[in-house]
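Shown next, in structure tokens, is the structure this report addresses.
Residue numbers (the working numbering): 16 to 129.
If you want it as structure tokens, here you go:
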């Protein structure tokens, strides 16, 4: 999916319990767009409450862009974002840094573990 690894933490940075608790009040206010697609991927954007950004740890941010870094699945789920499997955070909308852009392959089917 061509995710630039320099825009992510080297490995998922898990939230401390105290950090997670500061985000709980915002979870019910996260907005999920309808899905839209092109010939390869389906997309959606997730809009975080603007005040939520103030409670997210600083090492989740890309200071050079003024947005969140590209988050690993473990990271965005820890923030309270809930989506089905297969979604990848591939971009932040720089003019509105509280909007995260996600994509996954069309007709995504999770691997079945045996």
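Built from N, CA and C at the ideal position, the CB exists for glycine as well.
Using a Cβ-Cβ cutoff of less than 7 Å, which residues in the same chain neighbour residue i once the five nearest sequence positions on both sides are dropped?
{"i": "residue 93", "result": "29, 30 and 35"}
{"i": "residue 18", "result": "85, 103 and 105"}
DSSP has residue i in a bridge; who is on the other side?
{"i": "residue 57", "result": "52 and 119"}
{"i": "residue 83", "result": "76"}
{"i": "residue 114", "result": "62"}
{"i": "residue 46", "result": "62"}
Please work out which residues of its chain come closer than 8 Å, Cβ to Cβ, to residue i, disregarding the five sequence neighbours upstream and downstream, and give them in chain order.
{"i": "residue 52", "result": "58 and 121"}
{"i": "residue 50", "result": "57, 58 and 59"}
{"i": "residue 119", "result": "56, 57, 101, 102 and 103"}
{"i": "residue 76", "result": "82, 83 and 84"}
Residue range of the beta strand (DSSP E) that residue i falls in?
{"i": "residue 106", "result": "103 to 107"}
With distance defined between alpha-carbon atoms, name the residue in the options nearest to residue i.
{"i": "residue 99", "options": "67, 88, 37 and 79", "result": "88"}
{"i": "residue 20", "options": "85, 126 and 48", "result": "85"}
{"i": "residue 107", "options": "79, 49, 125 and 33", "result": "79"}
{"i": "residue 62", "options": "124, 33 and 43", "result": "43"}
{"i": "residue 45", "options": "95, 32, 111 and 33", "result": "95"}
{"i": "residue 111", "options": "125, 119 and 81", "result": "81"}
{"i": "residue 47", "options": "127, 38 and 113", "result": "113"}
Can you list, in chain order, the residues of its chain with a C-beta nearer than 6 Å to that of residue i? Leave out the 5 residues immediately preceding and following it.
{"i": "residue 41", "result": "64 and 67"}
{"i": "residue 90", "result": "27"}
{"i": "residue 70", "result": "37 and 38"}
Hey, quick one: how far does the alpha helix (DSSP H) through residue i stretch, first residue to last?
{"i": "residue 91", "result": "88 to 93"}
{"i": "residue 33", "result": "32 to 38"}
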